[in-house]
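Okay, structure first, notes after.
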Amino acid sequence: MMAKPQQFVQQYGALADTVGGQLGVDPSILLGQWGLETGWGRSVIPGTNNLGNIKGPGVAAVDNMTGSNDEYRAYGTPEQFGEDFAGLLGRRYQGAMNAGQNAQQYAEALKAGGYAEDPDYVRKLVAATETVRGLGGIGGAMDRLAGAIFPSAEAAGSDDIFGGAKTAVARPAAAGPAVDDIFGGARTAAPPAAPRTSPAAPASGARTTTSRGDDGVLRVEMGGAAPAPAPAPAAARGFFDGLGSPSEWARQAGLTARYGLEGLGQAAQLVTEPLRQYVVNPAAELVGLPPATSSGSTMASLADTLGLPSPETRQERIVGDAARLMAGSGGMTGLLGAASGGAQAAGGLLPTASTTGLGQNVAAGLAANPGTQLGSATGAGLLGGTARENGAGALGQFGASMAGGLLGGGAVMAGSSLADSARNVASRLSTRPADLDIRFNNLMDEAGVDLSTLPKEVARGLRAEMESSLRTGRELRPDAVRRLADFRAVGATPTRGSITLDPVHLTREQNLAKIAANSADDQLAGLPRMQNQNNATLINRLNESGAARAPEAIEAGEAAIGALSRNLDAQRANVNALYSRARDSAGRSFPLDGASFTNRVGKALDDNLLGGALPADVRNHLNRIAQGDVPFTVDYAEQLKTAMGKLQRATSDGQVRMALGVVRNELDNTPVLGLGQQTGAAGARAVNHGNLPAAPNAPQLGEEAIAAFNQARAANRAMMRGVEASPALKAVFEGTATPDQFVNRYILGKNASAADVAALRRGLGDNPAAVGAVRDHLVDYLKGKALNGAADEVGKFSSSAYNKALDAIGGRKLAQFFSPEEIAQLRAIGRVGSYMQAQPVGAAVNNSNSGALLAGRGYDFLKSVVGKIPLGDAALLTPLRNIEISLRQRGAQNVLPGLLAEGVKRQTPISGPFLLPGAAAVGGLLAAPGVNGP
38 MMAKPQQFVQ QYGALADTVG GQLGVDPSIL LGQWGLETGW GRSVIPGTNN LGNIKGPGVA
98 AVDNMTGSND EYRAYGTPEQ FGEDFAGLLG RRYQGAMNAG QNAQQYAEAL KAGGYAEDPD
158 YVRKLVAATE TVRGLGGIGG AMDRLAGAIF PSAEAAGSDD IFGGAKTAVA RPAAAGPAVD
218 DIFGGARTAA PPAAPRTSPA APASGARTTT SRGDDGVLRV EMGGAAPAPA PAPAAARGFF
278 DGLGSPSEWA RQAGLTARYG LEGLGQAAQL VTEPLRQYVV NPAAELVGLP PATSSGSTMA
338 SLADTLGLPS PETRQERIVG DAARLMAGSG GMTGLLGAAS GGAQAAGGLL PTASTTGLGQ
398 NVAAGLAANP GTQLGSATGA GLLGGTAREN GAGALGQFGA SMAGGLLGGG AVMAGSSLAD
458 SARNVASRLS TRPADLDIRF NNLMDEAGVD LSTLPKEVAR GLRAEMESSL RTGRELRPDA
518 VRRLADFRAV GATPTRGSIT LDPVHLTREQ NLAKIAANSA DDQLAGLPRM QNQNNATLIN
578 RLNESGAARA PEAIEAGEAA IGALSRNLDA QRANVNALYS RARDSAGRSF PLDGASFTNR
638 VGKALDDNLL GGALPADVRN HLNRIAQGDV PFTVDYAEQL KTAMGKLQRA TSDGQVRMAL
698 GVVRNELDNT PVLGLGQQTG AAGARAVNHG NLPAAPNAPQ LGEEAIAAFN QARAANRAMM
758 RGVEASPALK AVFEGTATPD QFVNRYILGK NASAADVAAL RRGLGDNPAA VGAVRDHLVD
818 YLKGKALNGA ADEVGKFSSS AYNKALDAIG GRKLAQFFSP EEIAQLRAIG RVGSYMQAQP
878 VGAAVNNSNS GALLAGRGYD FLKSVVGKIP LGDAALLTPL RNIEISLRQR GAQNVLPGLL
938 AEGVKRQTPI SGPFLLPGAA AVGGLLAAPG VNGP
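Start counting the sequence shown at 38; every next residue gets the next number (my numbering).
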């Protein structure tokens with residue numbers, strides 16, 4: 038005694054498949070009905086094998102519904118019951134014939150014909166059918182998945198790979214070759230090559246004969262009389278027969294409309310079927326409503342209601358397979374394209390996946406390359422349908438549909454590639470070198486690329502690359518060209534995503550690299566290794582620019598301080614020599630006109646309201662000069678200037694500094710008198726020590742002495758101005774500079790202005806060793822920021838930290854130690870680092886690495902499982918993986934499409950436009966709905 042559906046299905050599954058094939062009904066519906074009738078075998082009347090509780094002469098039993106004592110037919114074997122059951126439905130319940138997978142339609146037909154008295158029979162039968170369909174294990178899961186994605190659903194088989202409704206295709210007479218449908222199971226009733234009969238043996242002893250007529254309906258005759266011979270079948274009609282007639286054109290238009298409706302309905306089940314099975318139907322059952330039908334069945338019923346014709350010949354069924362796939366693929370492509378565009382338009386108003394990057398990118402990716410997807414769908418439908426019509430089993434149809442998807446999509450891509458190649462050849466032949474040169478120069482100007490700042494070999498290579506692209510006749514994107522120039526200048530390998538900064542491409546590349554890095558398969562490591570090499574390239578460029586030979590901070594400081602000190606020492610020596618020459622001059626004892634000097638000083642101070650600001654010591658000197666108490670000579674004036682200069686530097690009072698400046702200015706303009714010509718107001722007579730030649734009435738000697746002092750003083754002032762202009766020079770001059778902090782404080786520090794650094798650079802003079810030490814230390818400082826102090830072998834280049842440090846130094850400071858070409862190289866390194874690590878708005882990179890880890894480990898697990906199948910890894914997993922990874926990695930490194938101005942050329946992986954329609958076809962797309970045909 039059974040009470041479990043699983044055991045019931047295992048025992049009677051083969052019988053249901055046979056009977057379902059005769060009736061055009063999914064075996065799962067029959068198993069659900071028989072399970073409902075018998076309590077999954079528990080209430081089968083002993084000795085009757087009556088799984089349908091069919092009443093008639095036989096064994097008496099009590100009806101559980103009405104309580105009446107009735108007789109039920111008894112059968113010697115379950116197979117005899119099956120024959121009688123098929124005959125009963127063919128005779129009395131023809132509305133249930135060819136119901137396919139539509140349990141609702143089947144149950145309603147039985148109820149309408151009076152098969153059951155239970156008012157809730159329809160709901161119960163549908164629920165029992167769903168119970169059977171949920172028992173398929175892996176097969177059932179595949180069935181539900183296929184049915185949810187592309188369930189044209191009128192095909193399945195005895196092995197229940199996809200759960201099974203069958204499109205009835207008539208079996209030929211026993212004498213001919215067996216032509217099976219998609220899985221060898223249920224058939225759509227169709228006229229056979231010759232009428233066939235099969236005797237039945239019910240327990241009552243009645244003779245049962247079954248036959249099919251031209252209308253495809255199974256007829257059952259019970260009794261002793263033999264059935265009348267069926268009329269001869271009409272000759273098979275070819276696909277092109279009658280196409281010239283208006284009626285046939287109308288028929289083909291109707292078929293096209295049917296295929297379109299059914300294809301759209303099946304594609305919609307990607308969304309609607311999970312909701313129907315797990316939300317709508319359970320809710321309907323709770324409130325006592327009948328279960329909802331699938332969108333595919335609904336559209337098929339709509340086509341029937343509209344009176345649209347059904348395919349009759351094998352050619353029409355095959356074309357129908359392809360047309361449904363095309364309609365479903367086209368509808369899905371349009372829907373996903375609209376979803377992607379709508380997400381971009383919404384911007385962020387709706388907090389859904391489509392507007393937050395991942396959903397938008399997935400929708401955009403699936404909507405890409407519609408031509409390839411349609412071609413793949415067409416190929417999958419045609420080859421899969423042909424395989425079915427020629428009697429191929431499940432695996433044969435699977436392989437045919439996969440191959441068709443590859444060939445169809447490949448044919449579209451090949452045609453597109455050939456067309457592009459033809460256009461490129463024509464454009465190359467028609468392009469003149471002069472025009473190409475103009476276009477190249479204009480492109481470089483728009484891109485902001487200065488070829489003079491690039492190494493000559495890099496500039497030549499970039500020119501050749503761009504001219505080759507321009508010869509295709511297409512316009513190039515200046516921004517993408519600029520990024521490519523940066524990559525070429527640095528020597529890193531670009532990818533399409535890093536050239537375009539397109540969020541979809543960047544997401545694919547980054548996530549693909551993470552998945553490959555998390556896999557144990559070394560053959561998948563192309564992208565992550567390229568990323569690692571690019572990281573090393575950036576570090577190597579900094580090493581070549583000076584970081585590798587950079588001294589320590591203290592050594593760079595010592596080199597700079599030493600160079601500044603030597604420069605200052607040379608200036609001091611020059612000033613001292615000029616002063617010595619002035620002091621040794623013959624005219625230093627010549628008198629000056631003291632009266633004129635003091636009068637002009639007094640007037641100038643009064644005019645500028647500075648009389649009270651003059652220091653008392655200087656005022657005393659002026660009074661003594663006016664009173665003639667001191668010898669007011671050239672030598673005395675120079676000493677007074679020196680004293681006032683020290684006072685000016687020592688005071689912070691602006692008024693005092695201005696007053697002293699007025700006195701110094703008037704002192705410089707005081708005329709020299711010849712020896713013996715000074716007046717009383719000039720003070721004491723000039724002293725001639727005897728060792729200097731006296732030249733009465735020859736004041737030019739005194740003027741020469743003043744000029745010598747002025748020259749010495751000018752040299753000293755120039756030196757001090759340089760010292761005062763640079764904090765670094767001042768620290769060296771005063772002896773307070775520390776080598777270990779020198780570069781950081783006086784070049785890199787926030788308080789070090791560009792002018793201060795320029796003064797420091799002038800102070801270094803022509804000292805290549807010192808300048809080189811500072812320059813190399815600056816590059817090493819940038820490298821330290823980029824790697825956060827890590828060693829080259831393990832450091833990860835941080836473009837944000839590097840660019841922040843580079844911007845903080847600034848172009849004016851860098852220009853003091855680097856040439857324009859060297860600065861361009863440093864900036865290119867930072868930009869390339871940014872391109873490599875960019876994640877623009879809309880990108881959905883799995884930065885947590887969790888998804889990539891799962892995907893990588895999942896691939897390893899799949900490889901281990903498939904590897905246990907003989908030749909599984911070599912024949913299936915490895916080829917598909919190599920194709921997929923090869924296309925993705927080559928696509929990532931093919932930067933030319935990213936340069937095209939007409940838009941980013943998206944590359945959909947092979948699993949998108951090729952394998953998906955082929956795999957979906959196995960889920961039911963290759964099955965024609967219940968039709969009559971040969």
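Where a beta carbon is used, it is the ideal one built from N, C-alpha and C, also for glycine.
Query                                                                                                                                                                                         : Result
With Tyr296 as the anchor, note down where its alpha helix (DSSP H) starts and where it stops.                                                                                                : 283-312
Tell me the DSSP secondary structure of Tyr673 in three-state form.                                                                                                                           : helix
If you compare alpha carbons, which of Thr773, Ala360, Ala329, Asp705 is closest to Ala744?                                                                                                   : Asp705
What residues are listed by DSSP as bridge partners for Tyr49?                                                                                                                                : DSSP lists no partner for Tyr49.
Count the CB pairs spanning the stretch 822-839 and the stretch 595-607 that are closer than 8 Å, and state whether there are at least three.                                                 : no
Which word fits Ala584, buried or exposed, when buried means at least 16 other C-beta atoms lie within 10 angstroms of its C-beta?                                                            : buried
In terms of alpha-carbon separation, which member of Phe834, Leu488, Ala852 lies closest to Ile576?                                                                                           : Phe834
So with Cβ pairs under 8 Å, would you call Leu125 a contact of chain C?                                                                                                                       : This model lacks chain C altogether; it includes just one protein chain.
With a CB to CB cut of under 8 Å and the five nearest residues on each side skipped, what residues in its chain are close to Ala795?                                                          : Arg849, Gln853
Are the beta-carbon atoms of Thr114 and Asn86 separated by less than 8 Å?                                                                                                                     : yes
For the beta strand (DSSP E) holding Ala97, just list the boundary residues, first then last.                                                                                                 : 95-99
Would you list the residues sitting across from Leu937 in a DSSP beta bridge?                                                                                                                 : Leu513
Excluding five sequence neighbours on each side, which residues of the same chain lie with their C-beta closer than 6 Å to the C-beta of Ala360?                                              : Tyr296
Among Ala484, Val541, Arg754, Gly124, which residue has its Cα nearest to the Cα of Val878?                                                                                                   : Val541
Assuming Gly357 contacts Pro346 under a Cβ cut-off of 8 Å, what Cβ separation, rounded to an integer in Å, is found between them?                                                             : Rounded, the Cβ-Cβ distance is 11 Å, inconsistent with contact.
Since Ser332 and Gln306 are thought to touch, with beta carbons under 8 Å apart, how far apart are those beta carbons, to the nearest angstrom?                                               : 5 Å
To the nearest angstrom, how far is it from the Cα of Val316 to the Cα of Glu108?                                                                                                             : 41 Å
What three-state label does DSSP hand Glu108 in the structure shown?                                                                                                                          : strand
Quick check on DSSP: helix, strand or coil for Val159?                                                                                                                                        : helix
Are the stretch 544-554 and the stretch 580-595 touching, with three or more C-beta to C-beta distances below 8 Å?                                                                            : no
Rounded to the nearest angstrom, how far is the Cβ of Ala140 from that of Ile66, given a contact under 8 Å?                                                                                   : 5 Å
Please go through the same chain and pick out, in chain order, the residues whose beta-carbon is closer than 7 Å to the beta-carbon of Arg313, but skip the five residues on each side of it. : Ala329, Ser331
Would you mind sorting Leu455 into buried or exposed? The rule is 16 or more other CB atoms within 10 Å of its CB.                                                                            : exposed
With the cut-off set at 8 Å, would you say Val655 and Val699 are in Cβ contact?                                                                                                               : no
State the Cα-Cα distance for the pair Ser505 and Ala791, rounded to the nearest angstrom.                                                                                                     : 43 Å
What residues are listed by DSSP as bridge partners for Pro64?                                                                                                                                : DSSP output for Pro64 lists no bridge partner at all.
Beta carbon of Asp487, beta carbon of Arg868: below 8 Å?                                                                                                                                      : no
Counting pairs of Cβ atoms below 8 Å between the stretch 794-813 and the stretch 752-769, do you hit three or more?                                                                           : yes
For the structure I just gave you, are there three or more beta carbon pairs, one from the stretch 627-646 and one from the stretch 663-673, closer than 8 Å?                                 : yes
Hey, out of Gly445, Asn479, Gly302, whose CA is closest to Glu512's CA?                                                                                                                       : Asn479
Counting along the chain, where does the alpha helix (DSSP H) carrying Ile846 start and finish?                                                                                               : 836-846
With DSSP run on the structure shown, which of helix, strand or coil describes Gly599?                                                                                                        : helix
To the nearest angstrom, how far is the alpha carbon of Val48 from that of Met567?                                                                                                            : In the sequence as presented, Val is not what sits at residue 48; that position holds Gln. Roughly 58 Å between the two C-alpha positions.
Look up Pro973 in the DSSP assignment and say whether it is helix, strand or coil.                                                                                                            : Absent from the model: residue 973. The displayed extent of the chain is 38 to 971, so no value can be given.
Distance check for Phe477 and Asp817, CA to CA, integer angstroms please.                                                                                                                     : 36 Å
Out of Gln117, Glu116, Gly151, Phe118, point me to the one whose CA is closest to Ala9's CA.                                                                                                  : Look at the range of the chain in this structure, 38 to 971, and you will see that residue 9 is not part of it.
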